[in-house]
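Undergrad: The structure under discussion is supplied below as structure tokens; questions concerning it will follow.
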Amino acid sequence: MTQAEQSAADIPKAYDPASVEQRLYKFWTDGGFFAPKVDPSKEPFTIIMPPPNVTGELHLGHALVATLEDIMTRWHRMKGDPTLWLPGADHAGIATQMVVERSLAEEGLTRQGLGREKFLERVWQWVELYGHTIDEQQKRLGASCDWSRRRFTLDEGPSRAVRTTFANLFDKGLIYRGERIINWCPRCSTALSDLEVQHVEEQSFLYHIRYPLEEGVGHVTVATTRPETLLGDTGVAVNPDDERYSHLSGKRVLLPVLDRPLPVVGDDAVDPEFGTGALKITPGHDPVDFEVGQRHGLPIITAMNLDGTMNAEAGPYEGMDRFACREAILRDLEEDSLLEAIEPYAHSIGRCDRCSVVVEPLVSKQWFVSVDSLAKPAMDVVLDGRIKIIPDRFARVYLNWMENIRDWCISRQLWWGHRIPAWYCLDCAGDSIQVLFPESLAAEGLAGGTYRALSEKGLSWADMEAKSSHIFVELDASPIVGVEPPAACPACGGSDLVQDPDVLDTWFSSALWPHSTLGWPDDDDDLRYFHPTTVMETGYDILFFWVARMIMMGLANTGDIPFRYVYLHGLIRDEHGAKMSKTRGNVTDPIDALEEYGTDALRFTLVTGNTPGNDMRISAGKLGASRNFVNKVWNAARYALTIIDESPALQGWQSPSTEHRQDRWIVSRLNRVASRIQRHMEEFQFGEAQREVHDFFWNELCDWYIEMAKLRLRAGEEPSPLPVLVHVLEKSLRLMHPFIPFVTEEIWQSLKERLPEADGLPESIMVAPYPVPDDAALDQDTEEEIDLVTEIVRAIRNVRAEFKIPPSQPLQAVVELSASMAALEQEAPAIRSLARAEPLLFQAEGAPRPPADKTASAVLRGATVLIPLEGLVDTDKERGRLEQELQECLQNLERLSQRLSNTEFTGKAPAEVVERERGRLEGMEERRDRIQELLAQLE
RNA sequence: GGGCGAUUAGCUCAGUUGGUUAGAGCGCUUGCUUUACACGCAAGAGGCCAGAGGUUCGAGUCCUCUAUCGCCCACCA
């Protein structure tokens, strides 16, 4: 049986996502709906997806990205904008290299053992194997991105963009090599940028160490948290205004243990209040000391190897691990009575973002991006509003960071990534290329040295590259930088050229992503049409890592902003607000969640109560509530489909006539909600938009309209509510589709099969136009009328519940309609049936009433409901209740009349607000009169 | 040391140009096999919107201060 032949009666009672989702996703991709329909006359909508790590697994953060971006994408596509959502993946240098190294370790292999080339082969194999898991998982989330345009950061296009950018910036002097103090991770064995260091406050100690004066009498005491670095000390600094130390000016002290004489210098960087007021200067291992050292011309001594062990400069400590060395030095200082004090001390320690090993600041030759000239224009575009950050408070965070930005260390001593497009001539620079070998090769007689020296010993460059642990190039060597490898050395014409061994920071390629994915540096059609992109949607945690750098590099490369809006979402936490982590065991796997609750429910949950920039919590309770809503939609549709099968009287459903008040009402409400949704969508308030459609669908369409329509259908009334029901349902499906794409498409297809082909519906709801609110359909009076109907019904139900009268028992009700609501007598069937009021009588105000002492009553705006309850009404209680209502009413009256008699209010408040208050006052007065009337009858 | 966010019903959260008697979901209480849905229907309880000042005709919403929690940035050795 095909789906078309399936009768509505056979539709399952509960929505079954598993039987729907993968089939529909295939239907969408087969239909080619995800690819943009380029139309030069239209402004496109473009989102470039933040590329997940190529070896990653989908987590809820990705699911949130996919959901929010899919909502925007589907909405714009339905609005008719040429819409491109471009997916991709990031090679994620350090992260991926670490994962692969870990897996090699299980085989007893190391990357050095394999050599660069073999290692990279292994990484590519890994990428082939796992590179598409996230893509497949994104598809399960319903992501409607254009897979035909998928990009990987190491693809030829983006790679050429990287090399081009590098070469351009180098030519402009904005990329340079320098010897600077950088963050070094001894475990990852690479330099890191400042952003890749996590500073965490930890309990530690401040050691007070005596440095004897060279002249033999007395000492200076310095305070340090890292005693092992004293091996690299080349000076001691005091504040020049510190009188305690003025006698030391021009003198020298002796470095403990090594007895190296050190000059005492005066420098403002020293805070006399801190510690002892004297600072040991280790330019090779501390950023502040480096600067002090530069100011005073102190030499730089690097006392550590790149693996965190001490080197020859450390003398007796050579070969020790830096922390073992710390202990050893403390012992030796103690013995020499040079350790004056140990003070418990909390301070922040920098750890590697990736592996949590304590980062060692050290002086090293690295490539840097000079950011000052890039930062200014990047600040301007945010200041002048060309780029709008949502929520806007992050604009201040961005600007503040930009103002204090420092040069960006972009070289990494890794193998996986974009290799730096710089080459060196072995003939010219042979003396400047320093090759280091791992300790393990020392036994084989392999010691480090310059290329020239090693080559004279018969080692080939290939061997050096394969076996070395690191290769550094002295600053005097001139790199040949270009997009493609140079054929010959421009200086000597030699052809023995070798490429810089380092790769670029992963974020370097990420910074180009919005234009490199669209074809830059070529003058590509996609680039011309889709760039600048519209929205960059990502987490606020990578505002600096990524967003800031995209803006700088985008402006530098294309001369244009990379995107108009930056939408920053918050982090997802567990139901107690804790960060999700494997060790805590509180991780919700999105795939598990969508299998248990359905993709639409997961997406709905991720958007419920979601506000830009705010963290959110997720829980099984929320997922369940979302699943219930999806099921509600399913069942409302199931009902509608059943009716259509029974009586397919659907003429004019696309723009049905609304002679019936109920029809007019629901269409008015639909358009009002559509208009609110439009506003929220335009303002990126997806949570609010979703809430609007949820409330409309459940509380108005299902709870009232469908219930009222049932009665008309059963009675065979004319006009039939069916065309309106179908109209509103179909429009609602479209409104909801960006949020819950699967269930809406599934229902929409079933609906479409039952509608005349001539109606010209498109193939899929995802390309059906998004409902445009029609102001002409808004009908305030009708909304007020039906509001009163529902209030009358509620009032009667309320009395029924209060007096515990079972639904089976008829309940007589008398409704006194005010003159303006007199026409509501036409709604008698609905009131009678929904409230189970039998008999239901209408009468004008002033007509004789049932005996007051045997009547429960409700005073509404526009009607009084009287319910005779022989023997059930407690007159005193009823009087008490009425008196309480009267009190509340009088209080409101008091407040309203005060407000309205206040000339400040009537003079300053907008006329419509004053008018509204006046209307309220009148309504309240009328209410007061009617309550008093009822009370009088009770006397 | 700077900056940001949160503080609203028992719980989780909305509430975006200041304008009714502050909303939702979950949970709770009561009653319902009402032929779309018990993943449901109906009725209900529950809130000095963290505290104190201020601006305003009017403040959950704007300003100042305070408290608690969380986050980010920063070269206090």
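Throughout the first sequence, residue numbering follows our numbering, covering 435 to 1373 in sequence.
From the three backbone atoms N, C-alpha and C, an ideal C-beta is built for every residue, glycine too.
(1) To the nearest angstrom, report how far apart Ser1254 and Arg1266 are at their CA atoms.
(2) I'd like the list of long-range same chain contacts for Lys1013, defined as Cβ closer than 8 Å, with 5 residues on each side in sequence excluded.
(3) Short of 8 Å in beta carbon distance, which residues of its chain neighbour Met435, apart from the five on each side in sequence? Order them along the chain.
(4) Taking the CB atoms as reference points, tell me whether Leu848 and Val869 lie closer together than 8 Å.
(5) Give the secondary structure of Val454 by DSSP, where H, G and I count as helix, E and B as strand, and everything else as coil.
(6) Quick check on DSSP: helix, strand or coil for Gln1088?
(7) Let me know if Ile1301 comes out buried or exposed under the rule of 16 or more other beta-carbons within 10 Å of its beta-carbon.
(8) In the structure shown, what three-state DSSP assignment does Leu689 receive?
(9) Check whether the segment 933 to 940 touches the segment 842 to 858, counting contact only when three or more Cβ pairs, one atom from each stretch, lie closer than 8 Å.
(10) Any contact between the segment 1243 to 1259 and the segment 1212 to 1224? By contact I mean 3 or more CB pairs, one from each, below 8 Å.
(11) How far does the alpha helix (DSSP H) with Gly1314 in it reach, from first residue to last?
(12) Would you call the CB atoms of Lys1288 and Leu1268 closer than 8 Å?
(13) Should the segment 1338 to 1346 be regarded as contacting the segment 1306 to 1320, the criterion being three or more beta carbon pairs within less than 8 Å?
(14) Just verifying my parser: in three-state terms, what is the DSSP assignment at Gly784?
(15) For the putative contact between Val1000 and Ile823, defined by C-beta atoms under 8 Å, what is the C-beta separation to the nearest angstrom?
(16) Going by beta carbon distance, what residues of the same chain come within less than 7 Å of Glu1373, once the five residues before and after it are set aside?
(17) May I ask which residues mark the beginning and end of the beta strand (DSSP E) holding Cys622?
(18) For the beta strand (DSSP E) that His642 lies in, which residues bound it at each end?
(19) Under the DSSP definition of a beta bridge, which residues are partnered with Lys1013?
(20) Would you call Val454 buried or exposed, if buried means 16 or more other Cβ atoms sit within 10 Å of its Cβ?
(21) First and last residue of the alpha helix (DSSP H) that includes His1379?
(22) Quick one: using the 10 Å Cβ neighbour count with 16 as the cut-off for buried, is Lys1238 buried or exposed?
(23) Where DSSP assigns a beta bridge to Leu1135, which residues make up the other side?
(24) Classify His1094: buried if its beta carbon has 16 or more other beta carbons within 10 angstroms, exposed otherwise.
(25) Return the Cβ separation of Trp519 and Ile568 in integer angstroms, given the expectation that the two are a contact with Cβ distance under 8 Å.
(26) Mind listing, in chain order, the continuous alpha helix (DSSP H) runs of no fewer than 4 residues lying wholly within the segment 532 to 556?
(27) Under a three-way DSSP split, which group does Met1200 fall into?
(28) Ala1281 to Leu1251, Cα distance in whole Å?
(29) In terms of residue numbering, what span does the alpha helix (DSSP H) encompassing Val722 cover?
(30) Since Gln868 is in the beta strand (DSSP E), which residue starts that stretch and which ends it?
(31) Using the DSSP secondary-structure output, state which residues sit across from Ser798 in a beta bridge.
(32) For Asn1336, count neighbouring Cβ atoms within 10 angstroms of its own Cβ and tell me buried if that reaches 16, exposed if not.
(33) Buried or exposed: which applies to Gln1085, given that a residue is buried once 16 or more other Cβ atoms fall within 10 Å of its Cβ?
(34) How would you call Glu1080, buried or exposed, if buried means at least 16 neighbouring beta carbons within 10 angstroms?
(35) Leaving out five residues on either side along the sequence, give the residues of the same chain with a beta carbon under 8 Å from the beta carbon of Gln728.
(36) Is Thr716 helix, strand or coil when you go by DSSP?
TA: Based on what the coordinates show:
(1) Counting from one through the first sequence, the residue named residue 1254 turns up at place 820. Counting from one through the first sequence, the residue named residue 1266 turns up at place 832. The straight-line gap from Cα to Cα measures roughly 21 Å.
(2) As a working mapping, residue 1013 is identified with position 579 in the first sequence. Around Lys1013: Leu1005, Arg1007.
(3) Counting from 1 along the first sequence, the entry for residue 435 is found at position 1. Legend: pLDDT at Met435 = 37, less than 50; position of this residue unreliable, no value from coordinates given.
(4) Looking up residue 848 in the first sequence gives position 414. Looking up residue 869 in the first sequence gives position 435. Against a cut-off of 8 Å, the Cβ pair of Val869 and Leu848 comes out as no contact.
(5) Your numbering for residue 454 matches position 20 in the first sequence. Val454 falls in the coil class under three-state DSSP.
(6) Position 654 of the first sequence holds residue 1088. Residue state for Gln1088 is assigned as coil, using DSSP reduced to three classes.
(7) The residue you call residue 1301 lines up with position 867 of the first sequence. It counts as buried.
(8) Counting from 1 along the first sequence, the entry for residue 689 is found at position 255. Looking at Leu689 - three-state DSSP - the assignment turns out to be coil, as it is neither helix nor strand.
(9) A contact between stretches requires three or more CB pairs, one per stretch, nearer than 8 Å, and the segment 933 to 940 meets this requirement with the segment 842 to 858.
(10) The segment 1243 to 1259 is in contact with the segment 1212 to 1224.
(11) On the first sequence, residue 1314 is found 880 positions in, with the first residue counted as 1. Its alpha helix (DSSP H) spans residues 1309 to 1335.
(12) Taking the first residue of the first sequence as 1, we reach residue 1288 at position 854. Taking the first residue of the first sequence as 1, we reach residue 1268 at position 834. Their beta carbons are not under 8 Å apart, which means Lys1288 does not touch Leu1268 by this criterion.
(13) Two segments are said to touch when three or more pairs of C-beta atoms, one from each, lie closer than 8 Å; by this definition the segment 1338 to 1346 does not touch the segment 1306 to 1320.
(14) By one-based count along the first sequence, residue 784 stands at place 350. The answer is strand: DSSP assigns Gly784 an E or B state.
(15) Your numbering for residue 1000 matches position 566 in the first sequence. Your numbering for residue 823 matches position 389 in the first sequence. That belief holds up - the Cβ atoms of Val1000 and Ile823 are roughly 5 Å apart, short of 8 Å.
(16) Locating residue 1373 in the first sequence gives position 939, where the first residue counts as 1. There are no such residues.
(17) The residue labelled residue 622 in the question sits at position 188 within the first sequence. For Cys622, there is no enclosing beta strand (DSSP E), as DSSP marks it with neither H nor E.
(18) As a working mapping, residue 642 is identified with position 208 in the first sequence. Element bounds for His642: 631 to 646.
(19) Counted from its first residue, the first sequence places residue 1013 at position 579. Lys1013 is bridged to Arg1007.
(20) Here residue 454 refers to the residue found at position 20 when the first sequence is read from its first residue. Counting the other CB atoms within 10 Å of its CB gives Val454 a total of 16 or more, which places it among the buried residues.
(21) Because the chain in this structure spans residues 435 to 1373, residue 1379 falls outside the shown range and cannot be described.
(22) Along the first sequence, read from residue 1 onward, the residue named residue 1238 stands at position 804. Counting Cβ neighbours within 10 Å, Lys1238 comes out exposed, since fewer than 16 surround it.
(23) Position 701 of the first sequence, counting from 1, holds the residue named residue 1135. DSSP, once it has assigned bridges, lists no residue as partnering Leu1135.
(24) As a first step, residue 1094 must be located in the first sequence, where it is residue number 660. With at least 16 other beta carbons inside 10 angstroms of its own, His1094 counts as buried.
(25) Indexing the first sequence from 1 puts residue 519 at position 85. Indexing the first sequence from 1 puts residue 568 at position 134. With a contact defined as Cβ atoms closer than 8 Å, Trp519 and Ile568 miss out at about 15 Å.
(26) Whole alpha helix (DSSP H) segments, 4+ residues: 545 to 548.
(27) As a position in the first sequence, residue 1200 is number 766, starting the count at 1. DSSP places Met1200 in helix when its eight states are reduced to three.
(28) Reading the first sequence from its first residue, position 847 is the one you call residue 1281. Reading the first sequence from its first residue, position 817 is the one you call residue 1251. Going by the C-alpha atoms only, they are around 11 Å apart.
(29) As a first step, residue 722 is located in the first sequence; it is residue number 288 there, counting from the start. Per DSSP, the unbroken alpha helix (DSSP H) holding Val722 starts and ends at 721 to 730.
(30) By one-based count along the first sequence, residue 868 stands at place 434. Taken as a continuous stretch (DSSP letters only), the beta strand (DSSP E) holding Gln868 covers 867 to 870.
(31) Position 364 of the first sequence, counted from the first residue, corresponds to residue 798. Answer is Arg614.
(32) Taking the first residue of the first sequence as 1, we reach residue 1336 at position 902. By the neighbour-count definition (other C-beta atoms within 10 Å, threshold 16), Asn1336 is an exposed residue.
(33) Residue numbering aside, residue 1085 sits at position 651 when the first sequence is read from its first letter. Its Cβ having fewer than 16 others within 10 Å, Gln1085 is exposed.
(34) Working through the first sequence from its first residue, we reach residue 1080 at position 646. By the 10 Å Cβ count, Glu1080 comes out exposed.
(35) Residue mapping note: residue 728 aligns to position 294 of the first sequence, counting from 1. Once the five neighbours on either side are set aside, the close Cβ partners of Gln728 are Pro717.
(36) As a working note, residue 716 is residue 282 in the first sequence. Thr716: coil per DSSP, three-state reduction.
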